[in-house]
Amino acid sequence: MPRTACPVLQADPGMGGPVGTAATRQSKGALTLRFPGATDRIRSALRQACRHLATLPVPPDRLATIELVLAEALNNVAEHAYAGAAPGPVTLTARHDGDRLCIVLRDIGRPLPGLVPPKRTPPDLNVPTEDLPEGGFGWCLIRDLTDHVDYARHGAENRLTLEFATG
Amino acid sequence: MNLHSTYHNDINLISVGDARIDSSVAIRFKDLMRTLTETGPDHVILDLSSVTFIDSSGLGAVVGALKQLPSGKRLDLAGLTRDVANVFRLTRMDTVFTIHPDAAHCLSRAAG
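Residue numbers (the working numbering), protein chains in the order written: chain A, 1 to 167; chain B, 1001 to 1112.
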């Protein structure tokens, strides 16, 4: 079933503003967070996002998987989009409409290779212990735990849309 | 990142004192595990009962801890909470490790 991308909040501050501590705007069912796309800033951003999501009618176990998906997506921004550069801004918007939660992550780092989100290709575990993979699981988890993933490059901006059924 | 190692007969029990093993502590976790497993009993059990969140970076660090063990040592896991167990199941890493329900169970068996 074709789906349209969920709406992005019209009042988002955009990517041009200052990047400092996470700026938060919260209205009924919607949240906007803005923070640097750095590994050591992800934990506090997740805490803020989850505090908001916990106020929505989302089952606790679903909340845990949403937090994991966000962690993986934000790790990718910090470790790939902004790799080797000073961490740029990340804007996280969350919107809950009926039985769907839509989260959009935006950054101005490198685009995803090929401009498409990676497929679910689990690393091979049937290997000797010394060859076991220590990475490559992030997109598998995102794909497994998200109902719809959309990626778009708008000019210099990456826009990753993650949708979750919460009903 | 807090890891605490205690020896019980033939087991080196390493307890994680933090609630999260994520990308911000993954390298530190792996380094500490290297230090704590270099010496001591060959059978290492990592008690994860205090950990409520692990991401793929943390998972990779646990795998890294397994791979860097000195030859002849083994690493088991114990006390996985619901969400941590979920990550191991989704990535099929639960097929790589022996996972015990809780560390106390392992120790009582080792003592008996």
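Every residue, glycine too, gets a C-beta built ideally from N, C-alpha and C.
- Inclusion of B:Ile-1021 and B:His-1043 in the CB contact set at 8 angstroms is not warranted, their separation being larger than that value.
- In the DSSP assignment, A:Glu-163 falls within the unbroken beta strand (DSSP E) covering 157-165.
- Note that the C-beta distance between B:Leu-1090 and A:Leu-141 is below 8 angstroms.
- Only those residues of the region 1032-1049 of chain B whose C-beta falls short of 8 angstroms from the nearest C-beta of chain A would be listed, and there are none.
- In the three-state reduction of the DSSP assignment, B:Asp-1018 falls in the coil class.
- Of all residues in the region 1050-1081 of chain B, only Phe-1053, Asp-1055, Ser-1056, Ser-1057, Leu-1059, Gly-1060, Ala-1061, Val-1063, Gly-1064, Leu-1066 and Lys-1067 come within less than 8 angstroms of chain A when Cβ atoms are compared, listed by chain position.
- Taking C-beta atoms as the reference points, A:Thr-32 and A:Arg-41 fail to come closer than 8 angstroms.
- Excluding the 5 residues flanking it on each side, B:Ser-1049 has same chain C-beta neighbours closer than 6 angstroms at Gly-1079, in chain order.
- By the rule that beta-carbons nearer than 8 angstroms mark a contact, A:Cys-50 does not touch chain B.
- Rounded to the nearest whole angstrom, the C-alpha separation of A:Arg-100 and A:Ala-45 is 21 angstroms.
- In this structure, B:Ser-1056 sits away from A:Gly-109, with a CB-CB distance that is not shorter than 8 angstroms.
- At least one CB atom of chain A sits nearer than 8 angstroms to the CB of B:Arg-1020.
- Rounded to whole angstroms, the Cβ separation of A:Pro-117 and A:Val-149 is 5 angstroms, and the two are in contact under 8 angstroms.
- Counting along the chain, A:Ala-49 sits inside the alpha helix (DSSP H) bounded by residues 39-53.
- By the Cβ-count criterion, B:Ala-1065 is buried, with 16 or more other Cβ atoms from all chains shown falling within 10 Å of its own Cβ.
- With respect to chain B, the C-beta atom of A:Ala-64 has a partner C-beta closer than 8 angstroms.
- In the DSSP annotation of this structure, A:Phe-137 is not part of any alpha helix (DSSP H), being labelled neither H nor E.
- A:Leu-31: not part of any alpha helix (DSSP H); member of the beta strand (DSSP E) spanning 30-36, first to last residue.
- When DSSP states are grouped into helix, strand and coil, A:Val-69 belongs to the helix group.
- Taking a Cβ-Cβ threshold of 8 angstroms, the residues of chain A close to B:Arg-1092 are Pro-122 and Leu-125, in chain order.
- Under the DSSP assignment, B:Ser-1005 falls in the beta strand (DSSP E) whose first and last residues are 1003-1008.
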